[in-house]
Amino acid sequence: MAPLRMVILGRQGSGKGTQSERLVQTFGCVHLSTGDVLRAAVAAGTELGRQAKAVMDSGGLVGDDIMNGIVRDRLAGADIAAGGVLLDGFPRTSDQADALEAILDGLGHRLDVAVNIDVPIEVVTARMLDRGRSDDTLEAIQRRLELYEEQTAPLLDWFDARGLLATIDGVGTPDEVFDRVVAAVERHRS
Ligand code: AMP
């Protein structure tokens, strides 16, 4: 079967990280998390890291030119060409989605599916408060969730308009949710 090329979406606390790990194991694709790429650049003290750090600290979005460049480079890599990709954290806006479509098109590829792991706001809020991390005050959690909503709603429409969106119920055990995610992926690939 052709390598899988998919996007994963979900609120903070939706279990997206756990599901991503399982997906890359099952489908053998490369996990491309743009947040991880930026955090690694910050840790390594590169020029990209320097530029990204202030924006990330403020909770804003790094510019599209930088982000599209990172994704363009990685998607052209031999590992992703052979194994496929799970995009996590990109695209964040419909402009980035347009860019992704163009990048894939240039490589002769297309996206299979965007899986949205849907967990209600009350449930993710309770999960994050349970974790008890110091940056997880109720106010900070609510601010991040609001921002996510604002950014992501147009993106869901973008995928939906192209028949690429699969919203799955993210409430359940990790195994239950994973079965739903895999079923959605298989449906869109065939
Ligand atoms: P994440 O781990 O996906 O939450 O990303 C952490 C931070 O990196 C975000 O708050 C943004 O500042 C930045 N970032 C990650 N991905 C993107 C993206 N696709 N576009 C713009 N900024 C991004």
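Note that the numbering used here has the sequence shown beginning at 1166, numbered continuously upward.
By construction, the Cβ of each residue, glycine as well, lies at the ideal position given by its N, Cα and C atoms.
Self-check item: Ranges of the beta strand (DSSP E) found wholly within the segment 1270 to 1316, counting only runs of at least 3
Solution: 1278 to 1283
Self-check item: Pairwise C-alpha distance: A1217 and R1292
Solution: 28 Å
Quiz prompt | R1296 versus G1210, G1180, G1225, residue with shortest Cα-Cα distance | solution = G1180
Practice problem: Leaving aside the five residues before and after A1241 along the sequence, list all residues of the same chain whose C-beta is less than 7 Å from its C-beta, in chain order. | Solution: L1272
Quiz item: Can you tell me where the beta strand (DSSP E) with V1195 in it begins and where it stops?
Solution: 1195 to 1198
Quiz item: Looking only at its own chain, which residues have a Cβ that is under 6 Å from the Cβ of N1233, when we skip the five neighbours before and after it?
Solution: A1264
Quiz item: Cα-Cα, which of R1345, A1349, Q1316 is closest to R1176?
Solution: Q1316
Quiz prompt | Cβ-based burial, R1215 [other Cβ within 10 Å; buried from 16] | solution = exposed
Quiz prompt | Through-space distance from E1186 to G1246, alpha-carbon basis | solution = The residue asked about is misnamed: residue 1246 is Ala in this sequence, not Gly. The alpha-carbon atoms of A1246 and E1186 are separated by roughly 19 Å.
Quiz item: T1211 by DSSP, collapsed to three states: which one?
Solution: coil
Quiz item: In or out: L1203 buried (at least 16 other Cβ within 10 Å) or exposed?
Solution: buried
Self-check item: Stretch pair the segment 1251 to 1266 + the segment 1190 to 1201: three plus CB contacts closer than 8 Å
Solution: yes
Exercise. On the DSSP bridge assignment, give the partners of I1333 in chain order.
Key: I1282
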